[in-house]
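For reference, the structure discussed in these notes is given below.
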Amino acid sequence: MILAEENMIYEGKAKKVYQTENPNEVIIYYKDDATAFNSLKKGTIVNKGILNKEITTIIYEYLNTNGVQTHLLENLSDRAQRCKKVDIVPLEVIIRNILAGSTAKLLGIEEGLELNQAIFEICYKKDELADPMINDYHAMALGLATREDLDNIYAQAKKINELLQEFFLKAGIILVDFKIEFGKDQNGNIILADEISPDCCRLWDKDTKKKLDKDRFRRDLGDIEDAYQEVLRRIKGMV
Ligand code: UDP
3 MILAEENMIY
13 EGKAKKVYQT
23 ENPNEVIIYY
33 KDDATAFNSL
43 KKGTIVNKGI
53 LNKEITTIIY
63 EYLNTNGVQT
73 HLLENLSDRA
83 QRCKKVDIVP
93 LEVIIRNILA
103 GSTAKLLGIE
113 EGLELNQAIF
123 EICYKKDELA
133 DPMINDYHAM
143 ALGLATREDL
153 DNIYAQAKKI
163 NELLQEFFLK
173 AGIILVDFKI
183 EFGKDQNGNI
193 ILADEISPDC
203 CRLWDKDTKK
213 KLDKDRFRRD
223 LGDIEDAYQE
233 VLRRIKGMV
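The opening residue of the sequence shown carries number 3 in my numbering; numbering runs sequentially from there.
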């Protein structure tokens with residue numbers, strides 16, 4: 003499939019977005035580019051775009067079957083999806099089941115602590131500030147989301163977490179934490195957008211605790227493509 007550069011409306015770190023003849027739809031193209039630490043670390047993970055598109059598709063179809071609305075409409079090629087056009091809510095929603103990464107550091111606690119309940123965090127999508135963590139009051143005061151929007155987002159995030167924990171566990175994978183993004187569609191509904199892949203989740207093998215996610219890139223652990231392949235292999239055919 004050829005996507006004309008003049009139709010590209012946005013290029014992000016991992017994806018490109020193209021307009022289509024239908025003003026309510028876009029085409030999302032998954033790249034192999036990888037970044038970490040707010041783009042301080044840059045690289046390429048061979049076939050990452052193909053793997054992440056396929057993994058996101060499987061997960062979004064599973065979520066959709068279980069009552070979660072997503073922006074995904076149809077797969078067009080190995081790297082491209084037709085999606086509903088949404089206005090992205092400028093918040094990154096992070097859900098944690100096991101303490102790791104930035105919050106483990108923030109709290110001075112070793113990675114791996116099983117939490118009594120999930121932690122929900124929101125970050126303001128602002129690259130120049132490395133997406134600072136904020137709370138609901140910041141989000142409302144800055145006009146990023148209303149109380150109603152936030153309640154809706156947290157309720158969906160909770161449901162997505164429950165569904166995905168169960169889903170990954172069946173594949174022998176622990177869902178440690180993950181980041182999701184929401185957007186408003188043309189009817190004003192807040193729906194799941196962006197992607198859910200090893201780029202934005204921490205996924206550990208249930209038995210060995212081997213990392214099957216972007217931490218292999220962040221922390222130079224090697225075998226990155228194999229880890230993403232492994233995730234796809236295990237979840238394929240589960241839905
Ligand atoms: N995450 C992400 N994009 C970001 C920040 C975090 O996808 O810009 C994901 C990350 O992969 C992990 C979770 O959100 O699964 C929590 O990340 P954390 O806040 O611990 O930050 P990190 O340690 O990744 O810098």
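In this text, a Cβ means the ideal position worked out from N, Cα and C, and glycines have one as well.
Quantities reported herein were computed from a predicted structural model and do not represent experimental measurements.
Bounds of any beta strand (DSSP E) do not take in Q188, whose DSSP letter is neither H nor E. Counting along the chain, the unbroken beta strand (DSSP E) around M10 starts and ends at 10-13. At least one heavy atom of the ligand UDP lies less than 7 angstroms from the C-beta of A102. For F219, the enclosing alpha helix (DSSP H) begins and ends at 217-220. For D35, the distance from the CB to the nearest heavy atom of the ligand UDP is not below 7 angstroms. Here the alpha carbons of E8 and D201 stand approximately 28 angstroms from one another. With a cutoff of 8 angstroms on beta-carbon distance, I11 and Q21 are scored as near each other.
Per the DSSP secondary-structure output, K181 pairs in a beta bridge with I96. E94 has its CB nearer than 7 angstroms to a heavy atom of the ligand UDP. Pairing I4 with V48, the inter-Cα distance amounts to about 20 angstroms. Going by C-alpha positions, Q119 is about 16 angstroms away from I111.
In this structure the segment 61-75 does not lie against the segment 115-130, because fewer than three pairs of beta carbons, one per stretch, are closer than 8 angstroms. In this structure, the ligand UDP has no non-hydrogen atom nearer than 7 angstroms to the beta-carbon of D153. Per the DSSP secondary-structure output, I136 pairs in a beta bridge with I124. Straight-line measurement puts the Cα of K87 at about 8 angstroms from the Cα of P25.
In terms of Cα proximity to I90, the closest of K238, I52, N191, L214 is N191. Classified as exposed, Q188 has fewer than 16 neighbouring CB atoms from the shown chains inside 10 Å of its CB. In chain order, N54, T58 place their CB closer than 7 angstroms to the CB of E197, counting only its own chain and leaving out the 5 sequence neighbours on each side.
Shortest gap from the CB of D133 to any heavy atom of the ligand UDP: under 7 angstroms.
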